[in-house]
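Below is one structure, written out as C-alpha cells; comments come after it.
2 protein chains.
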Amino acid sequence: MTTHDNNPLLGKNLRVNADRLWDSLMEMAKIGPGVAGGNNRQTLTDEDAEGRALFQKWCEDAGCSMGLDSMGNMFAMRAGTEPDLLPVYVGSHLDTQPTGGKYDGVLGVLSGLELVRTLNDLDIKTRHPIVVTNWTNEEGTRYAPPMLSSGVFAGIHSEEWAKDRVDINGKRFGDELKRIGWEGDEPVGARKMHAMFELHIEQGPILENEGKDIGVVTHGQGLSWTQITITGRDAHTGSTPMPLRRNAGLAMGRVLEKVDEIALSHAPHAVGAAGHIEVFPNSRNVIPGKVIFTVDFRSPDLDVITDMEARLRQEAQQIADTMGLDIAFEKVGGFDPVTFDDNCVSAIRDAAERLGYSHLNIISGAGHDACWISRVAPTGMIMCPCVDGLSHNEAEDITKEWATAGTDVLLHAVLDTAEIVE
Amino acid sequence: MTTHDNNPLLGKNLRVNADRLWDSLMEMAKIGPGVAGGNNRQTLTDEDAEGRALFQKWCEDAGCSMGLDSMGNMFAMRAGTEPDLLPVYVGSHLDTQPTGGKYDGVLGVLSGLELVRTLNDLDIKTRHPIVVTNWTNEEGTRYAPPMLSSGVFAGIHSEEWAKDRVDINGKRFGDELKRIGWEGDEPVGARKMHAMFELHIEQGPILENEGKDIGVVTHGQGLSWTQITITGRDAHTGSTPMPLRRNAGLAMGRVLEKVDEIALSHAPHAVGAAGHIEVFPNSRNVIPGKVIFTVDFRSPDLDVITDMEARLRQEAQQIADTMGLDIAFEKVGGFDPVTFDDNCVSAIRDAAERLGYSHLNIISGAGHDACWISRVAPTGMIMCPCVDGLSHNEAEDITKEWATAGTDVLLHAVLDTAEIVE
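Chains as they are written, first to last, in the working numbering: chain A, 1 to 422; chain B, 423 to 844.
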C-alpha cells in the first residue's frame, strides 16, 4: 500500500462533494416512503426494485459496469489501470426496515457512488478497480436471518437454503427475487476482494455523546437469536379458575424480565431484548395458548453470548416447568464477534487523522454485511454518528456534515488501498 | 306460572330427542370448520351467513316464522294459543371464536330448536308463544365488545355505535351485516319478553369436577376490559445501550405479572389475563416502540372489579413512569355482575329436580347474551359441563348426555313458564 506521505494526491484537501452526496440520499429516500418521514423499502418488494434501478442508472451514468449475482447482489465497477489486480470493494445495503430510516445501509452504498463520482471529477485513476456493492436483504425483517446475501457470498449459508426462506405471507425469497427481476447469472461468492470497506451510521449514541466525527470500528458484536415457543392451553378468560390456567402469555412476560436481567448481568457491553412477539389465538377473551417470540442477545465477547444463551434456556425452561407449560427453543440466527483487519482499520484511522476529523475506536453493536465479508476478505468499517443513537425507526437522522465526514474518510481509506496512479 | 304439581304433562318422562339434537349440532359444525376439529365461524363472515341459512331452514321446517331485526338478531317463533301473551324466549349465538368449539353458543340455539321439535312431536301447545333466538356477534372477537347485539337489544349500546365497530381489516360491522344479507327491518329491542332462558356450556371445570349434570346459574360475573397502549421508542436491538432503551415490550411483560398478582389477590372468584397482545413494529432486531394489549378482569363482585381496574392503572402507570415510557388506558368493554331472576332460577332448579338430574348453583364466569337480556326481562341460565372446562379452543368437548340433560331442563323450565295448554 502507498501512504499519504509519499502520495501528494492524498492530501487533506481531497474531499467528496457534500451536496451531491446529500441530494442522492434524499432522492433515494423518495422510493418506498414510510408513514412518518422515514422509509419502508423492504427487500424484494417493488420499492426495492425501484431503488435498485435508480442506483444502477446512477452507477452507469458514472461510467461503471454493473454485475449482478444470483442472490441479487449488485456490483458496480469502476475500472482500474491494472485489470488483473483484485478490486477494492465498498458498499452496504439499500433495503430498509418496515419502519426504517433514510441512512441505515443507504449511506454505505451512496457514499461509494459519491466516491466514484469524485474520482471521475478529478480524473483520478487507481491501480485496483473499485466496486460499489448493494447487498440483498441485510435487514432480515422480511426474510430472516439478516445479512442473508452477504452471508451466502461468504459461504455462511447455502444459496439453496437462503432462497427457500419464506416471509410471513409464505412467499419464498427465491420467487420474490425472480418476480422483481433482480436475479443475476453470476455465481455468488465467485468474486475475490483485495479489501472491503463499509461506511454505516452508528445506530447507537456513543459518537454523538462523545462529540466524535468518526468511529473507527475495531470489532463487531456477536449475535444470538433464540426463537422460543411456549405452549399452554387456549381457554376462556372468564370461566377458567386461576389455578387451572396454562397462560403462555404470562410465561412470556416472565421470560422477558429474565432476558433483561441476563443482559444487565453482563453490563456494559452486552444487550438483550425481544422485538418479535406473536400471541395465539390473540383474542381478548381467550387465555393465550401459544406464544412465539425471539430473543436477541449481543456481546463483543463470544463467551458472554454463550453464557447468556445457556442461561436464557435454563431460566425459561424453569418458568415453563413451574407453570406446567411446554417450551421449545430454536436458534434462528447468530454470528460470532468479529475482529476487523488491521490494515483496513489503520487505513481508516489514518484517513481520519489526515483529514482532521475527530475519531474514536468503537465496537459495532449491530450486525453488518462487513461482518460476514470479514470472513473472506480484509475488511474495515467506518461509522458516523446519528441523532440520539436512533435507528430502525423512521425518525433516524444524521447531519450532512456527519455523512460527508464519513464519506471523506471512506474515500481516503479506499484510495490508500486501491493505490492512486500518479 | 303453573307448576309440575298441577300439570301432569310436565312429568319426568317428557324428554327431548337426544339423537336429533346431537345430529343437528354435528351438522351445524360442518359450516366454518376450524383447523383442529372445532369451528371458525366468526360473526358476519360467509360462514356465519351459511349457518344462519341452515338454522332458518330448520326453524321453518319446524313450523316457526322467522323474524329478523336490524342488528341481524334472528327470532324463530312457535305460536302460542294466546297470541296477545308475551313470548318466552330461548337462545344464544351461532357465531364462534376464530379457534372455537362446536358447542359454545350453538348448543343454546339448537337446544331451543330441539325443544320446538319435541313439542311438535308430542303436539303440545303453550299459551305463550316460544321464540328461539340467534343473537349476532356474541363472541366479540371480530367486533368488540362481546354480546354486541343483545347489548343493543337491551339498550346498553346504541345501534349506530354498534354498526360503526370495525374489524382488524377496517371493515364496518354495519357494512358486513349488509354484505352477508342478514340485516332485517325489525327495530332492535322492540320485542317484549315474558321471560328468557339460555342454555350454555359451562366453559369452566366446576360441574365436571363436582360430577353434576346441571349448573343452576344464580349470578353472572362482571367484566372489565382495559386496553393499554405503552409507547417507548423503536430502536436497534444491537447498538442501543441497555440504559438508553425504552422497551415497551419489557414494560408489557411487567404489567402481565401485575395482572396475575392482582387477580390472585382476590382469590378464588376473581380472574385476570391478557389474551390480546400486539407488538410494533414486531421485528427481531427492533426494540418494541409500542405495544397494545387488553387486560380482562372478572368477578361476581362489583367492588372487586372496581378495585382490580384501579390497581391495574396505578401499577402499570408506575411501571411506565419508572421506565420512562408513555402509557394510555382505554376501557373497551365491561358489564356489571348480574343476579338472575328468582322465578327463572327456580323453574330451572325445579326442572332438574323433577327430571332427576344432579345440579349445583353456579356463577357464570363468562359474559353471555342472557347477562344483557336480564336488564330488560326476567332471565335464567342453565349450564351443562364441558370436558376439562375447556372452551374458546377447538378441542372444546361435551358428551351427548350432558347436552341432552341441559336441553331436557330447558324444555321443562320453558314449558313451566310458557304454560302448557291441557
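C-beta: ideal position from N, C-alpha, C; glycine also.
Please go through the same chain and pick out, in chain order, the residues whose beta-carbon is closer than 7 angstroms to the beta-carbon of residue i, but skip the five residues on each side of it.
{"i": "Val421/A", "result": "Thr81, Lys125, Thr126, Arg127"}
{"i": "Asp871/B", "result": "Chain B is shown only over 423 to 844; residue 871/B falls outside these bounds and no answer can be derived."}
{"i": "Val409/A", "result": "Ile214, Ile348, Ala351, Ala352, Leu355, Tyr357, Ile382"}
{"i": "Ala498/B", "result": "Cys481, Cys486, Met488, Val553, Val554"}
{"i": "Val338/A", "result": "His219, Gly220, Cys371, Ser374"}
{"i": "Lys12/A", "result": "Arg354, Leu355, Gly356"}
{"i": "Trp444/B", "result": "Lys822, Ala825"}
{"i": "Leu747/B", "result": "Ile652, Thr653, Gly654, Arg668, Ala670, Ala673"}
{"i": "Asp441/B", "result": "none"}
Closer than 8 angstroms by beta-carbon distance: list the chain B residues that pair up with residue i, in chain order.
{"i": "Arg313/A", "result": "None at all; the shortest Cβ gap to chain B is about 18 angstroms."}
{"i": "Asn393/A", "result": "Arg655, Asp656, Ala657, Val708, Gly711"}
{"i": "Ile202/A", "result": "Note that residue 202/A is Glu in the sequence shown, not Ile. Within chain B, the residues near Glu202/A are Ser661."}
Find out if the Cβ-Cβ distance for the pair residue i, residue j is shorter than 8 angstroms.
{"i": "Gly406/A", "j": "Cys386/A", "result": "no"}
{"i": "Ala380/A", "j": "Val345/A", "result": "Reading off the sequence shown, one finds Gly at residue 380/A, where the question assumed Ala. Yes, Cβ-Cβ distance for Gly380/A and Val345/A is below 8 angstroms."}
{"i": "Ser646/B", "j": "Glu731/B", "result": "yes"}
{"i": "Arg706/B", "j": "Asp296/A", "result": "yes"}
{"i": "Asp104/A", "j": "Glu401/A", "result": "no"}
{"i": "Val713/B", "j": "Gln649/B", "result": "no"}
{"i": "Pro663/B", "j": "Pro268/A", "result": "yes"}
{"i": "Leu466/B", "j": "Glu608/B", "result": "no"}
{"i": "Ala566/B", "j": "Thr237/A", "result": "no"}
So what's residue i in DSSP terms, helix, strand or just coil?
{"i": "Met1/A", "result": "Model confidence at Met1/A stands at a pLDDT of 43, short of 50, so the residue's coordinates are unreliable and nothing is read from them."}
{"i": "Val376/A", "result": "coil"}
{"i": "Ala840/B", "result": "helix"}
{"i": "Leu85/A", "result": "coil"}
{"i": "Asn6/A", "result": "Confidence is the limiting factor: at Asn6/A the pLDDT is only 49, short of 50, which leaves the residue's position unreliable, though a coordinate-based value still follows. Helix, per DSSP."}
{"i": "His200/A", "result": "strand"}
{"i": "Pro567/B", "result": "coil"}
{"i": "Ile362/A", "result": "strand"}
{"i": "Ser92/A", "result": "strand"}
{"i": "Arg298/A", "result": "strand"}
{"i": "Pro243/A", "result": "helix"}
{"i": "Ile472/A", "result": "Since the first residue shown for chain A is 1 and the last is 422, residue 472/A is missing from the structure and cannot be characterised."}
{"i": "Ser65/A", "result": "strand"}
Here's the rule I'm using: 16 or more other beta-carbon atoms within 10 Å means buried, otherwise exposed. How should residue i be labelled?
{"i": "Ala36/A", "result": "exposed"}
{"i": "Gln42/A", "result": "buried"}
{"i": "Ala190/A", "result": "exposed"}
{"i": "Ile319/A", "result": "buried"}
{"i": "Asp48/A", "result": "buried"}
{"i": "Phe261/A", "result": "Checking the sequence, you will find Glu at residue 261/A rather than Phe. The residue is exposed, with fewer than 16 neighbouring Cβ atoms inside 10 Å."}
{"i": "Asn669/B", "result": "buried"}
{"i": "Asp427/B", "result": "For Asp427/B, the predicted model reports a pLDDT of 48, less than 50, meaning its position is unreliable; a value from the coordinates is still stated below. Exposed, because fewer than 16 other Cβ atoms sit within 10 Å of the Cβ of Asp427/B."}
{"i": "Glu27/A", "result": "exposed"}
{"i": "Leu544/B", "result": "exposed"}
{"i": "Pro378/A", "result": "buried"}
{"i": "Gln736/B", "result": "exposed"}
Determine the chain B residues that contact residue i at a beta-carbon separation under 7 angstroms, and present them in chain order.
{"i": "Asn247/A", "result": "Ala695"}
{"i": "Pro385/A", "result": "Near Pro385/A there are no residues of chain B at all, since even the closest Cβ is about 12 angstroms away, more than 7 angstroms."}
Take residue i and list the residues in its own chain whose beta-carbon comes closer than 6 angstroms to its own, dropping the five residues that flank it on each side.
{"i": "Ala840/B", "result": "Val510, Thr548, His550, Ile552"}
{"i": "Ser111/A", "result": "Leu199, Thr407, Leu410"}
Name the chain A residues that come within less than 8 angstroms of residue i, Cβ to Cβ?
{"i": "Glu679/B", "result": "Leu250, Gly253, Arg254, Glu257"}
{"i": "Trp794/B", "result": "Chain A residues near Trp794/B: none, gap ~15 angstroms exceeds 8 angstroms."}
Using the beta-carbon of each residue, which ones in chain A are nearer than 7 angstroms to residue i?
{"i": "Gly789/B", "result": "Gly238"}
{"i": "Leu466/B", "result": "In chain order: nothing, as chain A lies at least about 16 angstroms away."}
{"i": "His781/B", "result": "What His781/B touches in chain A: nothing, since even the nearest Cβ is about 18 angstroms away."}
{"i": "Trp647/B", "result": "Arg284"}
{"i": "His698/B", "result": "Asn282, Ser283, Arg284"}
Give me the chain B residues within the contact set of residue i, using Cβ-Cβ distance strictly less than 9 angstroms, ordered along the chain.
{"i": "Pro98/A", "result": "Pro703, Asn704, Ser705, Val708"}
{"i": "Gln221/A", "result": "Gly660, Ser661"}
Excluding the 5 residues preceding and the 5 following residue i in the sequence, name in chain order all residues of the same chain whose CB lies nearer than 8 angstroms to its CB.
{"i": "Asp729/B", "result": "His688"}
{"i": "Ile784/B", "result": "Glu624, Ile628, Leu629, Gly637, Val638, Val639, Thr640, Met805"}
{"i": "Met423/B", "result": "A caution first: Met423/B carries a pLDDT of 43, below 50, which makes its placement in the model unreliable, though a value can still be read off. Hits under 8 angstroms: Asn765, Ala769, Asp838, Thr839, Glu841."}
{"i": "Leu782/B", "result": "Ile628, Leu629, Glu632, Lys634, Ile636, Gly637, Val638"}
{"i": "Thr521/B", "result": "Gly456, Val457, Ala458, Gly460, Asn462, His814, Asn815, Glu816"}
{"i": "Pro146/A", "result": "Asn137, Glu138, Glu139, Gly140, Gly333, Gly367"}
{"i": "Val574/B", "result": "Met493, Ser580, Glu581, Ala584, Val610, Gly611"}
{"i": "Ile820/B", "result": "Tyr525, Leu529, Ile623, Cys806, Pro807, Cys808, Val809"}
Does any heavy atom of the ligand GTP sit closer than 7 angstroms to the C-beta of residue i?
{"i": "Phe280/A", "result": "Absence of the ligand GTP from the depicted structure is noted, as is the absence of any ligand whatsoever, leaving it without description."}
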